[in-house]
Amino acid sequence: MRYSIVFLFFISSILIAKPKFTDQQIAGMTPKYFKRNHTAPKLKGIKIYKEGNERIYYIEIIADRNRSSDDLSFAVSALANMGQYAKKPFNKYVVVMHYNVRGKSVDICEANARCTADYMIRKQITYDQWYKKCLTFTST
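Read in order, the letters of the sequence shown are residues 8 to 147 in the numbering used here.
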């Protein structure tokens, strides 16, 4: 009896588990994620790599200077949504924003993956907590 309950619990957890994808599959699905939304920024490049002990999901976008905040939000949300299906969890999401404006520097946003998922997927923290605790910005 006890083993049958454990077995049923094990089977049910397998059936409701999210599918998991390789890095190559995640990278292949990312452009489709951006293309299906007509307000998404243009995706310029994708990289998934390891630096030290950190797994990084990195994208470059062409942002509209009038919508840069919306473009960044969409990009980070895309990384969080796609990243939750990776076989191996990511530690950091990086969004590099290029602009079609001469002289405008490139903006780089780094987001802690776990903290970003707490805000965007699990809804466990507020926007302000996420913005202050999870993000760092640099310009080049």
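Ideal Cβ positions, reconstructed from N, Cα and C, are used throughout, including at glycine.
1. Could you please give me the residues that DSSP links to Arg62 through a beta bridge?
2. When the Cα atoms are used, what is the spatial distance from Phe16 to Lys25?
3. Bridge partners of Gly52, per DSSP?
4. Answer yes or no: the CB of Glu67 versus the heavy atoms of the ligand GDP, is any distance below 7 Å?
5. Compare the C-alpha of Gly110 against each of Glu67, Ile55, Arg72, Thr46 and name the closest.
6. For Ala118, report the span of its alpha helix (DSSP H) as first-last.
7. If distances are taken between C-alpha atoms only, which option among Ile69, Thr143, Met89, Lys99 comes closest to Gly59?
8. Since Ser146 sits in a beta bridge, which residues does DSSP pair it with?
9. Could you check whether the region 85 to 95 touches the region 132 to 146, counting it as contact only if at least three pairs of C-beta atoms, one from each stretch, sit closer than 8 Å?
From the atom records:
1. Lys57
2. Confidence in Phe16 is poor, its pLDDT being 49 and thus under 50, which makes the residue's placement too unreliable to answer from.
3. Glu67
4. Of ligands this structure carries none, so the ligand GDP is not represented either.
5. Arg72
6. Run containing Ala118: none in the alpha helix (DSSP H); it sits in the beta strand (DSSP E), 114 to 119.
7. Lys99
8. Asp114
9. no
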